[in-house]
Amino acid sequence: MRVSNRVQSLQPGDPRRVGPYRVIGRLGSGGMGTVFAAVSATNERMAVKVIHPTQAADDEFRARFRREVQLSQRVTGPCLVPVHEADTEAALPWLATPFIPGPTLDRQITLNGPLTGAHLYALAAGTAAALGAIHAAAVVHRDVKPSNVILAPSGPQVLDFGIAHALDGTSVTRTGVLTGTPGWISPEHYRTGEVGPHGDVFAWGALIAYAATGRLPFGSGAVDAVAFRVMSAEPDLNGVPSDLLPLVEEALSKEPADRPSAAQLAVAGAGLLAVQATAVATLDSGHQLTLIPDLISSLHWDPAPQDEASWPAPARHSNRVRIYVAVAGAAAVLGSIGGAFAASQSSNGNHDAGLAAQSSRTTSAATVDTAAKKSTSQPESPAASTPSVRTPSQTPQHAIVPSPAYTRSDTTQPTIDEWADARVPATAAEKKAAQRLVTDAAPILQGEQYMDADVIVTFSPAAQTMFVTFGPAIYPEGQDYRDDTDWIDVRRGLMFGSCSEAQEDFHNDPTWPYGRAVVVYRESMASPIVADFRDVTHIDSCRV
C-alpha cells in the first residue's frame, strides 16, 4: 500500500467518519484498502486503514484481516507503530494507528541520499529492536522494506503488519502464495516458502545496506533475476561502514542458521549507536535494549519538509489554476526567468503536444509520439499521427554562456536508458535543486488523480542531464494519462520548473554540469515515458 504523509482531498464516496474518528482527507490507497487522515474526539491525529468493499465481502480476507489486527495488538516495543483501535466486524473493517509524521526511508534517501553516522546506526538499532519485539511476541513481520519504515521526528518507526504471520500455527494465509516484496525476500522463502524470524533478519540486512549506500544490495530488474541474485549472488555492500559491515553480512547469510537474531543485532547496533552518539559505550545487553529509544530520540531528526502533512486537508482547486499559480510562484523565486514564463503564454499553441517516448529498460532510444489527446480549449499540434521532436532554438544570439563543467554539444533525445542509469542527488547543489523542485511541484500534483504521485529528481553525470519523474496517476479502469486533458498542464508546469531551475544553476554555478532537463512520466514502474525535455543553454529554452 502506498501511503504519503501529505493529506490529500477526499474523493466522492469517501466516508466522513470511521468509528469515532472524523475523516479529513486521504493518505494513500492500495489493493487492500485506503488509509485516511482522521482526528479523534480529543484532536489526536490518526491514520485509519479502511478495507475495500470487495475484500470486505471475502470471508477469507476478513479472517486474515482479523488475524492481522490480533497479531498487531499483541506486539509492543520500541520503534513500532501500535494499533490504537479497530473494528474487524464492521461492514468495512478498519484499524486506526497514531499518525506518524515524517518521510518513509526510501523517500528520504531518494531526496537526500544515504544515511550516515549516528542516524544510520540509529536506524539499524531501532529497526532491529522493533523486529526483536515482534519476534518475542511469536510474530513475523514478513514485509520489512524501506517504504515500511518512517523516519519520524523521534526516530525510525516500523509499520504495516499487512502480511504478518503468527508462529503459533494460528495464522490464516493463502497457501502457495509468495508473500513479501522482491529484493527483500529471503533465499529460503524463495526456495521453499519457509517463513520465520530469520527471514525478517535477512530483510533487515538488505534494509540497512540500502540505507547506507542508496543502492539495492541485490540490484533491480525482473523479479526472477532479483530472486536468482538473492539465492546465489553476493550482495553489493560497497559503502557500508566497516564497523556495521559484519552485522549486515551476517544478516544476509544465505543459510538462516548463520544469521543472528534481531535481538542480537539490536544489542550490537545499540553499542555502535552509543559510540556515535557519544553516550556510554560499555553497557550490558539488557540496558542497551532499554536505552535504544532514548539514544535514538537524543539525535536531531530532520525529515524532508515536503513530507509534512497539512491538517486539515487543503481546499481543492482547479488543476489548471493551481499549476499556473505554482509556475508563476517558481518564476518569482527565480527572478530572472519571469520573462520566459510570460513569453510562454503567447506560444502555448505551438508547444502543447510534448513528447511521449515509450521504451523499456533494454531500448536504447525513445520512440516519440504525442503525449496526450487534443484539448478542446487548446488545440494540440502537430497531429497525433505525426511524431515530432521539439528541439531547442539554435539562434546564436539566444545562447547562454555555459558553465565550464558542461561539455555536451549534441541535442539528441534523452533515452529511458539514461533515465534508468541516473542516480539520486549526491552533491550539495544537486540536493538543493532537487528539494526546491519537489517543493515547488507539490501543488501541481494535488488533484484527485495525482493523490499518490511523487516527484523524484535524479541526475545523470554521464549524460549531463537532470531528470524529473512524476506519477503514477490514478485513473478509472480502462483510462490512462492520454485521456486526461489536465495531464498536459501538469507536464508543462513540471517542465517549466525543472528547466528554469537547471537554467538558473547552469548560468550561475560554474561547476553545474547539467545542461539538459527532462520530465519523465511513470505510468507504472515498468512503463516510463519521456514526456518533455529541454536543452537549457538557450534563453528561450523554458518556453512551454
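Numbering (the working numbering), first residue to last: 38 to 581. Think of the CB as a built atom: it goes at the ideal place given N, C-alpha and C, for glycine as much as any other residue. Computed from a predicted structure; not experimentally measured.
Check whether the Cβ atoms of residue i and residue j lie closer than 8 angstroms to each other.
i	j	result
F496	P462	yes
E541	L474	no
I61	A84	no
A259	L284	no
H226	G242	no
V573	R559	no
A165	A299	yes
W456	F504	yes
P451	T522	no
V118	L244	no
L152	A471	no
V177	G233	yes
Just list the residues that DSSP pairs residue i with in beta bridges.
i	result
A188	A small correction: the amino acid at residue 188 is Leu; Ala does not occupy that position in the sequence shown. P193.
Y58	V55
R460	F496
Q45	R63
K182	DSSP lists no partner for K182.
L117	V195
Y558	F507 and I566
D124	W131
K86	V72 and L132
R296	DSSP, once it has assigned bridges, lists no residue as partnering R296.
R571	A554
T452	In DSSP, T452 forms no bridge with anything.
T444	Answer is none; T444 lacks a bridge partner.
T584	Residue 584 cannot be examined here, being either before or after the span of the chain that is shown, 38 to 581.
In the DSSP assignment, the alpha helix (DSSP H) including residue i goes from what residue to what residue?
i	result
S537	D523 to N545
R103	D96 to Q110
F239	P234 to T250
D477	A465 to A478
A155	G154 to A173
R144	L142 to N149
D261	V260 to S269
R519	Element bounds for R519: n/a, residue is neither H nor E.
L282	L282 to A288
P224	P224 to T229
Relative to the alpha-carbon of residue i, which residue among the options has its alpha-carbon at the smallest distance?
i	options	result
Q194	H178, V176, G163 and A170	G163
M268	L302, L289 and P115	L289
L64	G233, P190 and I137	I137
G139	G192, L132, G534 and P115	G192
D526	F504, A478, I493 and I566	A478
A170	D572, G256, R296 and A303	A303
D454	A500, Q301, H178 and A470	A500
D51	F73, G67, A457 and Y443	F73
D458	T218, V494 and R519	V494
M69	D95, A167, K469 and E81	D95
G128	N80, G114 and G56	Per the sequence presented here, residue 128 reads as Ala, with Gly not at that position. Measuring from the Cα of A128, the nearest candidate turns out to be G56.
A173	R111, E231, G230 and A161	R111
K469	P234, S66, N275 and S535	S535
G150	S279, T464, Y443 and T229	T464
T79	R43, P135 and S66	P135
T113	Q301, R43 and A167	A167
P115	A161, K291 and R144	A161
Short of 7 angstroms in beta carbon distance, which residues of its chain neighbour residue i, apart from the five on each side in sequence? Order them along the chain.
i	result
F102	I88, T125 and P130
V277	A246, A249, T250 and V285
Y58	A75, V76, S77, M83, V85 and A133
L142	P183, V186, L188 and A248
R252	D273
S322	Caution applies to S322, whose pLDDT of 44 falls short of 50 and renders its modelled position unreliable; the value that the coordinates give is listed next. Closer than 7 angstroms at the Cβ level, and outside the excluded window around S322, lie V304.
P498	P550
F239	S223, A288, L289 and R296
V106	V120, A123, T125 and L132
L282	L274
Got a sec? Which residues, its chain only, sit under 6 angstroms from residue i by beta carbon, not counting five neighbours each side?
i	result
P416	Residue placement at P416 is flagged as unreliable, the pLDDT there being 32, under the threshold of 50; a coordinate-derived value is accordingly withheld.
S564	none
Q92	F98
A379	Residue placement at A379 is poorly supported in this model, since its pLDDT is 33, which falls under 50; the coordinates still yield a value, given next. No residues qualify anywhere along the chain.
A369	For A369, the predicted structure reports a pLDDT of 35, less than 50, and the residue's modelled location is therefore unreliable. A value from the coordinates is still provided. Excluding residues within five positions, none has a Cβ falling inside 6 angstroms.
R53	V60
Check the Cβ-Cβ distances between residue i and every residue of chain D, and say whether any is below 8 angstroms.
i	result
G308	Reference to chain D is not applicable here, since this structure consists of a single protein chain.
The beta strand (DSSP E) with residue i in it runs from where to where?
i	result
F73	G70 to V76
Among residues of its own chain, excluding the 5 on either side of residue i, which ones have a beta-carbon nearer than 8 angstroms to its beta-carbon?
i	result
S257	G220 and V263
T218	D180 and K182
I146	L152, P183, Y247, A248, G251 and V461
A466	D542, D546, T548 and W549
R228	M268
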